[in-house]
Amino acid sequence: MKSSRRNFLKIAGIAALGVGAKPVFDTFAAVGGHGPTEPAPIFKSSEEALTANHWAMVVDTRKIRSERDVAPLFRACHQVHNVPDMPLKRHEIKWIWAESFHHAFPDLHSELISDKIARTPFPVLCNHCENPPCVRVCPTKATFKRESDGIVVMDYHRCIGCRFCLAACPYGARSFNFFNPDDYIKEVNLKFAKRTKGVVEKCNFCEERLAEGIIPACVEVSNGILTFGDLRDSRSSVRKLIAENFTIRRKVHLGTSPAVYYIV
Amino acid sequence: MPNNSKGMYNKNLVIAGIVIFVILAAFPFWFNVGRSAPAPEIILTEKAIAAEDCVRDKEYMTLEHMQLLDVWRDAVVRDGKRIYVNPKGVEFNMSLSNTCLDCHSNKEEFCDRCHDYTSVSPYCWDCHIDNPQGD
Chain A
1 MKSSRRNFLK IAGIAALGVG AKPVFDTFAA VGGHGPTEPA PIFKSSEEAL
51 TANHWAMVVD TRKIRSERDV APLFRACHQV HNVPDMPLKR HEIKWIWAES
101 FHHAFPDLHS ELISDKIART PFPVLCNHCE NPPCVRVCPT KATFKRESDG
151 IVVMDYHRCI GCRFCLAACP YGARSFNFFN PDDYIKEVNL KFAKRTKGVV
201 EKCNFCEERL AEGIIPACVE VSNGILTFGD LRDSRSSVRK LIAENFTIRR
251 KVHLGTSPAV YYIV
Chain B
1001 MPNNSKGMYN KNLVIAGIVI FVILAAFPFW FNVGRSAPAP EIILTEKAIA
1051 AEDCVRDKEY MTLEHMQLLD VWRDAVVRDG KRIYVNPKGV EFNMSLSNTC
1101 LDCHSNKEEF CDRCHDYTSV SPYCWDCHID NPQGD
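Protein chains in written order, with the numbering used here: chain A, 1 to 264; chain B, 1001 to 1135.
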């Protein structure tokens, strides 16, 4: 037969391919072939965790008489979160701090305001905006808005220190570590991580405490100045306060929709 | 063929050069012959010995702890999930400081020895406190 040699070569070729392919298939079969014996690990939240659709805070500034009423909030927060106390103002790291009405609400300020308002220190912090500009500008998604509860969280592992977020945040709620903060933390909270030189940091609405079922540190020591709750739950403590009192928010016209409300 | 008997120009120089090159290139090998560093000995704290089981079995932890920590980091920071249930059904708080280093509070004798030996320098401890008990 004329075609027998041709057929022989074809069959031989296919057979060679099959023999050659077997070790490859064996390798693929071995990968991922281990472990049907043990179940995959599970990740879950604690049952004690406090949850909300969007966490929010109401600051009752009527209860603030002087700096002495708000200083404990700042101390508590900065102690819990290992926030360094930098010697120079321009290197300052702050998660929650005091501003005058004029600085906190420049768009609402007029030349003549009541003495009481002019004297009151307004506690300010990250507003955990419903439409956060810092999240939009972050090139590495180190800052992101948590779907589950609306907290604007920072992933310090991913922060490259570009400081776009410092420029984007209209509230000055973000601080950059120009130096190693290690040397400036007075009393280290051993249960919480520190930050390193070259990353940005800010208030995290005590996300780590909420996970354990504890309210934020500043709220805890505020003697009723701060109220914390779910903005989406019409029966929550914050919604009740907002419904019963006239509240203002910082720089609303910018469209960030802050989740920190102030009763004045 | 007048040159055929020579075969190679500057034969002596070339061969000497090759020999010197090989000796120099192999310097790290012959220099270190017979004095390879022994694998480090890991010391467990009493708490770690008493606990017997780690988060996963020893072999997995030795090979894959960096992978485990990476997955933990994403689960906690990005997804807000803080509890890890291992294949045996035991629950752990996913925290480098408060879980891992709570048992392994001897960073120098536990973490650093292997990391130095394998010449890796993870910067976990720039932020994460290595001994949350402070002892």
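Even for Gly, the Cβ is constructed at its ideal location relative to N, Cα and C. Computed from a prediction, not measured in an experiment: that's the story for all the values here.
Suppose contacts are defined by Cβ-Cβ distances below 8 Å. Is residue i in contact with residue j by that definition?
i                 : j                 : result
LEU226 (chain A)  : VAL59 (chain A)   : yes
ARG174 (chain A)  : LYS202 (chain A)  : yes
CYS1127 (chain B) : ARG209 (chain A)  : no
ARG1113 (chain B) : PRO1038 (chain B) : no
ILE185 (chain A)  : PRO84 (chain A)   : yes
TYR156 (chain A)  : VAL188 (chain A)  : no
TYR262 (chain A)  : PHE122 (chain A)  : yes
Starting from residue i, trace the alpha helix (DSSP H) both ways and give me its first and last residue.
i                 : result
MET1061 (chain B) : 1058-1073
VAL137 (chain A)  : 133-137
PHE74 (chain A)   : 67-80
ALA1025 (chain B) : 1011-1025
TYR1123 (chain B) : No alpha helix (DSSP H) holds TYR1123 (chain B); DSSP gives it neither H nor E.
ALA168 (chain A)  : 164-168
Which residues share a DSSP beta bridge with residue i?
i                : result
ALA98 (chain A)  : A:PRO123
ALA56 (chain A)  : A:GLY229
GLU201 (chain A) : A:SER175
I need the DSSP call for residue i, collapsed to helix, strand or coil.
i                 : result
TYR184 (chain A)  : helix
GLY265 (chain A)  : This structure leaves residue 265 (chain A) out entirely; chain A is present only between 1 and 264.
SER175 (chain A)  : strand
ASP107 (chain A)  : coil
ALA1048 (chain B) : helix
PHE43 (chain A)   : strand
ASP1102 (chain B) : helix
ASP1130 (chain B) : coil
GLU220 (chain A)  : helix
TYR156 (chain A)  : coil
GLU1109 (chain B) : helix
THR51 (chain A)   : coil
THR247 (chain A)  : strand
ARG235 (chain A)  : coil
ALA211 (chain A)  : coil
GLY35 (chain A)   : Confidence at GLY35 (chain A) is low in this model, with a pLDDT of 48, below 50, so its placement is unreliable and no value can be given for it.
CYS1114 (chain B) : helix
Determine the extent of the beta strand (DSSP E) in which residue i is found, giving its start and end residues.
i                 : result
GLU1091 (chain B) : 1091-1093
LYS145 (chain A)  : 143-145
ALA193 (chain A)  : Note, ALA193 (chain A): premise wrong, no beta strand (DSSP E); not H, not E.
ILE1083 (chain B) : 1083-1085
VAL260 (chain A)  : 260-263
Is the Cβ of residue i closer than 8 Å to any Cβ of chain D?
i                : result
SER237 (chain A) : You won't find chain D in this structure, because its protein chains are A and B.
Going by other Cβ atoms of all chains shown within 10 Å of its Cβ, with 16 needed for buried, is residue i buried or exposed?
i                 : result
ILE93 (chain A)   : buried
LEU9 (chain A)    : exposed
SER148 (chain A)  : exposed
ALA1016 (chain B) : exposed
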